[in-house]
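*Asks:*
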Amino acid sequence: MRIVVLVSGTGSNLQAVIDAVASGGLGVEIAAVGADRPGTFGVERSAAAGLETFVVNFNDFATRAQWDAALLEAVAAYSPDYVVSSGFMRIVAPSFIDAFAGRYVNTHPALLPSFPGAHGVRDAMAYGVKVTGCTVHFADAGVDTGPIIAQTPVAVLPGDTEETLHERIKVAERELLITVLGELARP
Ligand code: GAR
1 MRIVVLVSGT GSNLQAVIDA VASGGLGVEI AAVGADRPGT FGVERSAAAG
51 LETFVVNFND FATRAQWDAA LLEAVAAYSP DYVVSSGFMR IVAPSFIDAF
101 AGRYVNTHPA LLPSFPGAHG VRDAMAYGVK VTGCTVHFAD AGVDTGPIIA
151 QTPVAVLPGD TEETLHERIK VAERELLITV LGELARP
């Protein structure tokens, strides 16, 4: 199963996928890693692992539509079976969703449909929930919407900050993402 992984940030989930693929048996090949901005740690991790790495820099395009078209073209060039949004902080265009219908997988650090968006951990803490978690789902054209594949609950502990909670969620998120990818890859 060939995947393209899209990242915007530090790429710790990407690293977990790289490590799981390297340890063998997952049935997954990372065809390429793409980013919406240059110079991130996610891009560095990808290059360090010797993976094909591309950047479709959002700021290089005069219009949103041009960026949408460039992202679709860059990803499609690798003919992936699945595209994985792993901390990719952009909503893709409906044309992208159409091209990879049912094959665009997103991870989110909350139990969707609660707390979608860029601040899932912060929003869950602000609400005062005692249990949050992570979700892996097939993304549609909405913000962190689309059919849920799997979720893991994570308790909010007394004294948690957004950072400590997010770190614990990410531990669960990495395991969940790798499990889901392994299941998708199984013939
Ligand atoms: C992850 O927790 C991911 O779920 C989240 O960004 C983090 C990226 O971490 N994504 C979203 O919030 C999407 N709405 P990473 O760059 O270290 O893998």
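So in full-length UniProt numbering, spot 72 of the sequence shown is number 72, and the numbers just go up one at a time. Where a beta carbon is used, it is the ideal one built from N, C-alpha and C, also for glycine. The model shown is predicted, which means the values in this text are computed figures rather than measured ones.
Can you give me the Cβ contacts of Ile18 inside the same chain, cut-off strictly under 6 Å, excluding the 5 residues immediately before and after it?
*Replies:* Ala49
*Asks:* Rank Glu52, Ala141, Ala74, Ala31 by C-alpha distance to the C-alpha of Val92 and give the top, closest one.
*Replies:* Measuring from the Cα of Val92, the nearest candidate turns out to be Ala141.
*Asks:* If we count the other Cβ atoms within 10 Å of its Cβ and call it buried at 16 or more, is Asp144 buried or exposed?
*Replies:* buried
*Asks:* Would you kindly check if the distance between the Cβ of Ala47 and the Cβ of Thr40 is under 8 Å?
*Replies:* no
*Asks:* Is it the case that the CB of Ala76 approaches a heavy atom of the ligand GAR more closely than 7 Å?
*Replies:* no
*Asks:* Within 10 Å of its beta-carbon, does Asp60 have 16 or more other beta-carbons around it, so buried, or fewer, so exposed?
*Replies:* exposed
*Asks:* Rounded to the nearest angstrom, what separates Leu26 and Pro80 at their Cα positions?
*Replies:* 16 Å
*Asks:* Please check the pair Ala99 and Leu72, which I expect to be a contact at CB under 8 Å, by giving their CB distance rounded to whole angstroms.
*Replies:* 6 Å
*Asks:* Where does Leu111 sit, in a helix, a strand or coil, going by DSSP?
*Replies:* Leu111 carries a coil assignment under DSSP once its states are collapsed to helix, strand and coil.
*Asks:* When the distance is taken between beta carbons, is Val154 closer than 8 Å to Val129?
*Replies:* no
*Asks:* Find out if the Cβ-Cβ distance for the pair Gln15, Arg37 is shorter than 8 Å.
*Replies:* no
*Asks:* Could you tell me which residues DSSP pairs with Thr53 in its beta bridges?
*Replies:* Per DSSP, Val33.
*Asks:* If I measure Cβ to Cβ from Ser95 and keep anything under 7 Å in the same chain, skipping five residues before and after, which residues do I get?
*Replies:* Close CB contacts of Ser95 within its chain, under the 7 Å cut and outside five residues either way in sequence, are with Asp68, Leu72 (chain order).
*Asks:* Where DSSP assigns a beta bridge to Tyr104, which residues make up the other side?
*Replies:* Val83
*Asks:* At the 8 Å Cβ level, is Leu157 part of the contact set with chain B, yes or no?
*Replies:* In the displayed structure, chain B is absent; only one protein chain is listed.
*Asks:* Quick one: what does DSSP say His137 is sitting in, helix, strand or coil?
*Replies:* strand
*Asks:* Where DSSP assigns a beta bridge to Ala150, which residues make up the other side?
*Replies:* Paired residue(s): Val136.
*Asks:* According to DSSP, what are the bridge partners of Arg2?
*Replies:* Glu29
*Asks:* Does at least one heavy atom of the ligand GAR sit under 7 Å from the Cβ of Val5?
*Replies:* no
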